[in-house]
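Peer 1: When we follow UniProt numbering, the leftmost residue of the sequence shown carries the number 1, and every step to the right adds one.
Take this structure, written in structure tokens, and hold onto it; I'll ask about it next.
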Amino acid sequence: MPIVDRRLTTPDLYRLIAAALIVLGLGLGGTALATVHQRAALTRDITAVTGPLSVGVQDLYRSLSDADATAATAFLTSGAEPAELRQRYLDDLARAGAALTAATRNADDADAARLAVLTDQLPVYTGLVETARSYNRLGVPLGGAYLREASGLMRHTLLPQAQGLFESAQGRLSAAQRDAVGFPWAVLLLGLLTVAGLVYAQVLLARRTNRVFNLGLVAASLVALLALVWSAAGLSAAASRVDAGRGDGSALVSVLAGARRAALQARADEALTLIARGSGAAFEKDYRVVAQDLAGLLGTAADRAPEADRAVILAARDHAVRWGELHDGMRALDDKGDYLAAVAKASATGAAFTELDTAMTSALATANDRVDRQAGHGGGALTGLEVGLLLLTAGLVAAIVLGFRPRIGEYR
1 MPIVDRRLTT PDLYRLIAAA LIVLGLGLGG TALATVHQRA ALTRDITAVT GPLSVGVQDL
61 YRSLSDADAT AATAFLTSGA EPAELRQRYL DDLARAGAAL TAATRNADDA DAARLAVLTD
121 QLPVYTGLVE TARSYNRLGV PLGGAYLREA SGLMRHTLLP QAQGLFESAQ GRLSAAQRDA
181 VGFPWAVLLL GLLTVAGLVY AQVLLARRTN RVFNLGLVAA SLVALLALVW SAAGLSAAAS
241 RVDAGRGDGS ALVSVLAGAR RAALQARADE ALTLIARGSG AAFEKDYRVV AQDLAGLLGT
301 AADRAPEADR AVILAARDHA VRWGELHDGM RALDDKGDYL AAVAKASATG AAFTELDTAM
361 TSALATANDR VDRQAGHGGG ALTGLEVGLL LLTAGLVAAI VLGFRPRIGE YR
């Protein structure tokens with residue numbers, strides 16, 4: 001029986017090494033391309049979907065809560081309420097309706113259920129408010145009971161659903177940001193393996209052919225290094241931008257949104273306490289709790305905010321302190337039985353609240369804009385990288401083939 005020589009010949013060895021390097025090169029290019037494509041899609045999602053969705057549900061909550069506070073404040077006026085308060089209430093409802101419509105476009109099943117509750121119950125709320133207004137214009141005390149029922153529906157049904165939408169939107173935004181800032185370990189590992197394999201191949205060829213340089217493999221090494229460095233630099237720059245938007249933007253938004261919710265609830269509590277005419281202790285107690293929460297959240301926001309944002313947040317904190325002082329003066333008048341003077345004082349507390357709300361709205365707009373802007377800069381850092389990686393991968397494979405073909409051809 002003839003003996004078969006199963007030893008690997010030099011041409012076969014070269015073919016095997018070339019094939020392995022091509023597989024590594026394709027793996028590097030494919031992995032880098034997929035990673036860049038995913039990160040670019042995430043940055044686009046932040047700027048076009050999850051970011052605007054978060055802003056929209058923030059506006060939904062504010063509009064609903066402000067409508068409730070405005071309805072309660074308007075109720076303090078006997079007879080027909082001031083035209084500006086009536087218009088503010090209607091504007092709040094219009095903005096809430098627009099925000100509900102926008103939120104349905106990107107709602108998952110859980111959000112769809114929340115939106116259904118809001119859509120069903122908002123007309124019930126407005127109906128109760130209109131009934132309360134009718135009784136109030138006639139001077140019938142029953143109007144206060146209807147208004148308290150409307151406010152209870154808002155606080156216990158509508159606003160919790162709106163808060164759930166906000167938390168869901170913030171969760172989606174945070175998930176997109178978290179995925180967009182992960183380190184591309186697979187790209188780094190494949191890049192290093194590819195470069196190491198190319199160096200090994202050059203050393204092997206130099207020993208077997210007595211040629212110091214293989215121009216094809218040298219070119220392939222440079223192309224692999226360029227692909228690795230460009231991918232790492234672009235992905236790192238994009239991650240840094242998105243992470244800045246997360247730390248100085250969306251994290252601050254969550255705190256400021258909580259502060260604004262507390263302020264709006266406190267404003268409604270303040271008016272409902274007066275409307276109750278001596279039986280509003282529960283509302284006043286709730287006011288004290290949320291006012292304390294408001295102070296703590298504004299302090300946290302001031303500590304976390306970038307230097308450029310700190311001034312407006314500190315101004316909001318000052319407005320909150322001023323509002324609290326005016327509220328105490330109003331309560332002192334009401335507690336000693338001077339109800340009409342307390343109602344008159346409520347206009348001053350309303351002005352202080354408006355200044356507070358304006359400052360918080362400005363701070364929130366700046367933080368939301370930072371999320372969007374930094375994600376846009378992150379996407380910009382990846383511009384051209386996908387096309388570049390396609391070309392570099394093709395060049396890498398071609399350089400490997402050109403490096404090995406002449407050496408294999410020498411054995412024919």
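Don't be surprised by glycine CBs; every beta carbon is placed ideally from N, CA and C.
Have a look at S250, H319 and H377 and flag the residue whose alpha-carbon is nearest the alpha-carbon of S174.
Peer 2: By one-based count along the sequence shown, residue 174 stands at place 174. With distances taken between Cα atoms, S174 lies closest to S250.
Peer 1: Note down, in chain order, each residue of its chain lying with its Cβ closer than 6 Å to the Cβ of D334, except the 5 sequence neighbours on either side.
Peer 2: Your numbering for residue 334 matches position 334 in the sequence shown. Correct list, in chain order: A342.
Peer 1: Does the structure place the stretch 357-371 close enough to the stretch 179-189 that three or more beta carbon pairs sit under 8 Å?
Peer 2: Contact between the stretch 179-189 and the stretch 357-371 is absent, with fewer than three C-beta pairs closer than 8 Å.
Peer 1: What span of residues does the alpha helix (DSSP H) with L390 cover, start to end?
Peer 2: For this step, residue 390 is matched to residue 390 along the sequence shown. Its alpha helix (DSSP H) spans residues L385 to G409.
Peer 1: Should S231 and L21 be called a contact, given that it needs their Cβ atoms to be closer than 9 Å?
Peer 2: Within the sequence shown, numbered from 1, the residue matching residue 231 stands at position 231. Within the sequence shown, numbered from 1, the residue matching residue 21 stands at position 21. No.
Peer 1: Leaving aside the five residues before and after V321 along the sequence, list all residues of the same chain whose C-beta is less than 7 Å from its C-beta, in chain order.
Peer 2: By 1-based counting over the sequence shown, the position of residue 321 is 321. Closer than 7 Å at the Cβ level, and outside the excluded window around V321, lies no residue.
Peer 1: Tell me whether R15, by its Cβ, gets closer than 8 Å to a heavy atom of the ligand PLP.
Peer 2: The ligand PLP is not part of the structure shown, which contains no ligands of any sort.
Peer 1: Do you know how far the Cα of D59 is from the Cα of A113?
Peer 2: Start at 1 with the first residue of the sequence shown, and residue 113 comes out as number 113. Start at 1 with the first residue of the sequence shown, and residue 59 comes out as number 59. Near 19 Å, if we compare the C-alpha coordinates of D59 and A113.
Peer 1: Entirely within the stretch 131-157 and at least 3 residues each: give me those beta strand (DSSP E) ranges in chain order.
Peer 2: Listed in chain order, nothing qualifies, since the stretch 131-157 has no complete beta strand (DSSP E) run of 3 or more residues.
Peer 1: Among the candidates M154, A238 and E355, whose CA atom is the shortest distance from the CA of D318?
Peer 2: Along the sequence shown, one-based indexing puts residue 318 at 318. Comparing Cα-Cα distances from D318 to each of M154, A238 and E355, the minimum goes to E355.
Peer 1: Please state the DSSP three-state secondary structure of P306.
Peer 2: Here residue 306 corresponds to residue number 306 of the sequence shown, with the count starting at 1. Of the three classes helix, strand and coil, the one that applies to P306 here is coil, per DSSP.
Peer 1: Within 8 Å, do at least three Cβ pairs link the stretch 124-141 to the stretch 65-80?
Peer 2: yes
Peer 1: At what residues does the alpha helix (DSSP H) containing F353 begin and finish?
Peer 2: Counting from 1 along the sequence shown, the entry for residue 353 is found at position 353. It spans Y339 to A381 - the alpha helix (DSSP H) in which F353 sits, taken as one unbroken run.
Peer 1: Compare the C-alpha of L118 against each of L153, L85, V312 and N136 and name the closest.
Peer 2: Mapped onto the sequence shown, residue 118 falls at position 118. Closest option to L118, Cα to Cα, is L153.
Peer 1: Mind the definition here: the stretch 350-365 touches the stretch 191-205 only if three or more C-beta pairs lie below 8 Å; say whether that holds.
Peer 2: no
Peer 1: In chain order, which continuous runs of the alpha helix (DSSP H) of length 4 or greater are located wholly inside the stretch 41-122?
Peer 2: 51-75 and 83-103
Peer 1: Helix, strand or coil: which one does DSSP assign to A20?
Peer 2: As a first step, residue 20 is located in the sequence shown; it is residue number 20 there, counting from the start. Reduced to three states, the DSSP call for A20 is helix.
Peer 1: If you run the structure through DSSP and keep just helix, strand and coil, what is M1?
Peer 2: Within the sequence shown, residue 1 is the residue found at index 1, counting from 1. Here the model assigns M1 a pLDDT of 43, short of 50, so the residue's position is not dependable, and the following value carries that caveat. M1: coil per DSSP, three-state reduction.
Peer 1: What's the gap between the Cα of E167 and the Cα of K285?
Peer 2: Here residue 167 corresponds to residue number 167 of the sequence shown, with the count starting at 1. Here residue 285 corresponds to residue number 285 of the sequence shown, with the count starting at 1. Near 26 Å, if we compare the C-alpha coordinates of K285 and E167.
Peer 1: On a CA-only basis, which of D108, F283 and R62 is nearest residue 422? Give me that one, please.
Peer 2: As displayed, the chain neither begins before 1 nor continues past 412, which places residue 422 out of reach and without an answer.
Peer 1: May I ask which residues mark the beginning and end of the alpha helix (DSSP H) holding D248?
Peer 2: Reading the sequence shown from its first residue, position 248 is the one you call residue 248. Segment: none, D248 is in no alpha helix (DSSP H) and carries neither H nor E.
Peer 1: Pick helix, strand or coil for L8, following the three-state DSSP scheme.
Peer 2: Within the sequence shown, residue 8 is the residue found at index 8, counting from 1. DSSP places L8 in coil when its eight states are reduced to three.
Peer 1: Do you know whose CA, among L24, F283, L402 and A116, lies nearest T157's CA?
Peer 2: Along the sequence shown, read from residue 1 onward, the residue named residue 157 stands at position 157. With distances taken between Cα atoms, T157 lies closest to A116.
Peer 1: Can you tell me the Cβ-Cβ gap for A220 and L28, rounded? I've got them flagged as a contact below 8 Å.
Peer 2: Residue mapping note: residue 220 aligns to position 220 of the sequence shown, counting from 1. Residue mapping note: residue 28 aligns to position 28 of the sequence shown, counting from 1. Not really, about 11 Å apart at Cβ, beyond 8 Å.
Peer 1: Taking a contact to mean a Cβ-Cβ separation below 9 Å, would you say G378 touches G171 in this structure?
Peer 2: Taking the first residue of the sequence shown as 1, we reach residue 378 at position 378. Taking the first residue of the sequence shown as 1, we reach residue 171 at position 171. Contact: no.
Peer 1: Could you tell me if T50 is buried or exposed, where buried requires 16 or more neighbouring beta carbons within 10 angstroms of its beta carbon?
Peer 2: Numbered from 1 along the sequence shown, position 50 holds the residue referred to as residue 50. Burial call: buried.
Peer 1: Assuming contact is defined by CB atoms lying nearer than 9 Å, are Q374 and D179 in contact in what I supplied?
Peer 2: As a position in the sequence shown, residue 374 is number 374, starting the count at 1. As a position in the sequence shown, residue 179 is number 179, starting the count at 1. Cβ atoms of Q374 and D179: not closer than 9 Å.
Peer 1: By alpha-carbon positions, which one of A107, T31 and R137 ends up nearest to P82?
Peer 2: Numbered from 1 along the sequence shown, position 82 holds the residue referred to as residue 82. Considering only alpha carbons, the answer is R137.
Peer 1: Quick check on DSSP: helix, strand or coil for S236?
Peer 2: If you number the sequence shown from 1, residue 236 lands on position 236. Three-state result, S236: helix.
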